[in-house]
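If you read the sequence shown in our numbering, its first letter stands for residue 1, the second for the next number, and so on.
Cβ coordinates follow ideal geometry from the N, Cα and C atoms, glycine included.
Have a look at the structure below, then the notes.
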Amino acid sequence: MTQNADITHDPKRWFMFVILLVGAFLPPLDFFIVNVALPSIQNDLGTGSSAEQLVISSYATLYAVTLITGGRLGDLYGRGRMFFLGLAGFAAASLLCGLATSPWMLIAGRALQGITAAVMAPQALASVQAIFPESEKPLALSIYGAVFGLASVIGQALGGILISLNVMGMGWRAIFLVNLPIALLVVVFGIPVFKETRAAHASKLDLCGTGLSILTLGALIVPLIEGREAGWPLWAWLALAVAPVLAWLFWQYEIRLHRAGGTPLLNPAALKAPGLGRALMVALCFYAIGVFFLLFSIYLQGALHTTPLHAGLIFLPFGAGFLLGPLSTGQFKRLFGAFVNPVGMALEVIGFLALAWLVKATPTDVAPSASLLAIILFVIGFGQGLALPTLMRMVTGRVAPAYSGMIAGITSASLQISTSLSVAVIGGVFYTLVGAQSDALVITHAFSVSVLCIAAFLAVGAALSFSLLRQPATP
1 MTQNADITHD
11 PKRWFMFVIL
21 LVGAFLPPLD
31 FFIVNVALPS
41 IQNDLGTGSS
51 AEQLVISSYA
61 TLYAVTLITG
71 GRLGDLYGRG
81 RMFFLGLAGF
91 AAASLLCGLA
101 TSPWMLIAGR
111 ALQGITAAVM
121 APQALASVQA
131 IFPESEKPLA
141 LSIYGAVFGL
151 ASVIGQALGG
161 ILISLNVMGM
171 GWRAIFLVNL
181 PIALLVVVFG
191 IPVFKETRAA
201 HASKLDLCGT
211 GLSILTLGAL
221 IVPLIEGREA
231 GWPLWAWLAL
241 AVAPVLAWLF
251 WQYEIRLHRA
261 GGTPLLNPAA
271 LKAPGLGRAL
281 MVALCFYAIG
291 VFFLLFSIYL
301 QGALHTTPLH
311 AGLIFLPFGA
321 GFLLGPLSTG
331 QFKRLFGAFV
341 NPVGMALEVI
351 GFLALAWLVK
361 ATPTDVAPSA
371 SLLAIILFVI
381 GFGQGLALPT
391 LMRMVTGRVA
401 PAYSGMIAGI
411 TSASLQISTS
421 LSVAVIGGVF
431 YTLVGAQSDA
441 LVITHAFSVS
451 VLCIAAFLAV
461 GAALSFSLLR
471 QPATP
């Protein structure tokens, strides 16, 4: 693996990018693929509801709180090195999950998956700034957006398919063990041709800042993920109250370290880029759709009584839209100029409004029109696929390439926080409306209201994006 090469004109840069995209694909895939496997895991390992929640939340929490650190490690020690180390760790964690003989062994494997995924995932987005000339960055970000989004959709379908096929009698274990041959192929073919990139003046990791950032994000994300399931106990409210204090302490420490000539985890000067704060607010609104996959699955299986496999396959039109959206960015840019992002988010709003109408207009004991549902899901997926690459560009393009890993970690963490907020807030609306009841009428009503909440968050994001795009990015 060649060190510190200038590869903006290397013909192998696209092959390197394809390798790095595995790091963008596997983390969301392994988050969503578990959803449809939980009943099988419960039957095999005897997991209770609290252990089931930990199977999901241990991964999601540790992934979210260590993303910024993972991105900064790439800046300091080499993005390729951190990618391959993260991938090896992720494969080892997947093996631990696949061989789990108890709920706690599985939870430990999921926690390790979250940490190693956070080291691996930011390197692809960070490398877009480092390895591509300006003319190729839009296409690279479009491909990144397609891969990132498709992973969440494929995860729903692939989990159901693997469990239904029961490959070699592995059952649910196949959803984790499938990562091993992927990791092996990437290591064998990737390491020999990979050329390293990193920040020009690398130094040591800001350990104190890293610790404070993990504490801050943990105080915010853990109660958002665990609070509703635990009935919003006192510790959850205390953690949320402490989070702003920890954030202030963290930021003050970073400012002092920067003034003293050190290398902070988050560089205060870089984060003062014009419009960056508003761009991150758009990111926080953007992944309000994160809760949709969970609530739609509950609606399909709880109200319409579809099988897990059928429920997973219903997401495929969304996936098709998400694949075509990023690849259509060029054509939409010719039509709408710089305003492709708010246009994409507006399409999502229209799609969710149409979905709420379709669900409410359909009799409770009848499935919605398959063709109309497919069209609506395609529009939502297309809108999100169109908006995601331009959102990434909107955020990362405002910071100098030396801080690519830092801003990639911040962007990814913002999307994860957005997902957690959507689960806590919009999921809270859904479960409050459902209450202790589980009949189809109540679930359908709660789902339609939740869909309108998602549309409202996306509309706010679209408005922020529209106002932001009047301000040029000046890294």
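In whole angstroms, give me the CA-to-CA distance for residue i and residue j.
| i | j | result |
| --- | --- | --- |
| proline 138 | valine 178 | 31 Å |
| alanine 289 | proline 27 | Looking at the sequence itself, residue 289 is isoleucine, so the reference to alanine does not match. Answer to the nearest angstrom: the Cα atoms are 17 Å apart. |
| alanine 64 | isoleucine 417 | 7 Å |
| proline 122 | methionine 16 | 14 Å |
| isoleucine 41 | leucine 266 | 40 Å |
| leucine 464 | leucine 276 | 12 Å |
| leucine 76 | phenylalanine 31 | 28 Å |
| threonine 116 | glycine 89 | 6 Å |
| alanine 473 | proline 192 | Caution applies to alanine 473, whose pLDDT of 48 falls short of 50 and renders its modelled position unreliable; the model cannot decide the point. |
| proline 244 | alanine 219 | 9 Å |
| proline 368 | glycine 46 | 35 Å |
| glutamine 252 | threonine 210 | 13 Å |
| glycine 330 | proline 133 | 17 Å |
| glycine 435 | alanine 239 | 25 Å |
| serine 414 | aspartate 439 | 35 Å |
| valine 480 | alanine 459 | Lying before the first or after the last residue shown, residue 480 is absent from the chain, which here runs from 1 to 475. |
| isoleucine 19 | valine 186 | 6 Å |
| serine 328 | leucine 372 | 22 Å |
| proline 223 | lysine 12 | 44 Å |
| leucine 358 | alanine 92 | 45 Å |
| proline 37 | valine 167 | Per the sequence shown, residue 37 should be read as alanine rather than proline. Taking the straight line joining both Cα atoms gives about 14 Å. |
| alanine 118 | serine 164 | 30 Å |
| phenylalanine 447 | glutamate 196 | 47 Å |
| glycine 78 | arginine 198 | 5 Å |
| leucine 85 | leucine 234 | 39 Å |
| serine 127 | phenylalanine 83 | 11 Å |
| isoleucine 375 | valine 282 | 26 Å |
| leucine 87 | alanine 124 | 12 Å |
| glutamine 129 | leucine 280 | 18 Å |
When DSSP labels each residue in this structure, what does residue i get in the three-state scheme?
| i | result |
| --- | --- |
| lysine 12 | coil |
| valine 204 | It is lysine, not valine, that sits at residue 204 in the sequence shown. Residue state, collapsed to three classes: coil. |
| asparagine 43 | helix |
| serine 142 | helix |
| alanine 241 | helix |
| glutamate 52 | helix |
| tryptophan 477 | Since the first residue shown for the chain is 1 and the last is 475, residue 477 is missing from the structure and cannot be characterised. |
| glycine 23 | helix |
| arginine 228 | coil |
| aspartate 365 | coil |
| asparagine 35 | helix |
| leucine 96 | helix |
| histidine 310 | helix |
| glutamine 437 | coil |
| alanine 320 | helix |
| leucine 266 | coil |
| proline 401 | helix |
| glycine 261 | coil |
| proline 223 | helix |
| phenylalanine 148 | helix |
| glycine 275 | coil |
| proline 28 | helix |
| leucine 304 | coil |
| proline 233 | coil |
Under the criterion of a Cβ to heavy atom distance below 8 Å, does residue i qualify as lining the ligand GDP?
| i | result |
| --- | --- |
| leucine 217 | Annotation note on the ligand GDP: not contained in the displayed structure, which lists no ligands. |
In terms of residues, what are the limits of the alpha helix (DSSP H) holding residue i?
| i | result |
| --- | --- |
| aspartate 387 | The residue you asked about is not aspartate; residue 387 is alanine in the sequence shown. First-last of the alpha helix (DSSP H) with alanine 387: 370-396. |
| glycine 461 | 440-468 |
| glutamate 348 | 340-361 |
| threonine 116 | 103-120 |
| alanine 424 | 404-434 |
| isoleucine 289 | From DSSP, isoleucine 289 is part of no alpha helix (DSSP H); its letter is neither H nor E. |
| glutamine 331 | 329-336 |
**Report entry** the region 396-407 in contact with the region 322-342 per 3-pair CB rule at 8 Å
**Finding:** no
Query raised in the report: Given 8 Å as the limit, is there contact between the region 420-429 and the region 169-176, that is, 3 or more CB pairs closer than that?
Result: no
Query raised in the report: Hey, which unbroken runs of the alpha helix (DSSP H) at 4 residues or more fall wholly within the region 156-217?
Result: Whole alpha helix (DSSP H) segments, 4+ residues: 174-177, 179-190.
Report task. Give a yes or no on contact between the region 146-161 and the region 93-104, applying the rule of three or more CB pairs nearer than 8 Å. Result -> Touching, no.
Query raised in the report: What beta strand (DSSP E) runs, 3 residues minimum, are completely inside the region 48-93?
Result: With a minimum length of 3 residues, no continuous beta strand (DSSP E) run stays inside the region 48-93.
Report task. Pair every Cβ in the region 368-385 with every Cβ in the region 313-331, then say whether three or more of these pairs are closer than 8 Å. Result -> yes
Query raised in the report: Do the region 425-439 and the region 447-460 touch if we need at least three Cβ pairs shorter than 8 Å?
Result: Judged by pairs of C-beta atoms under 8 Å, the region 425-439 touches the region 447-460, as three or more such pairs exist.
Query raised in the report: Would you say the region 55-70 touches the region 101-110, given that touching needs at least three Cβ pairs under 8 Å?
Result: In this structure the region 55-70 touches the region 101-110; the number of beta carbon pairs closer than 8 Å is three or more.
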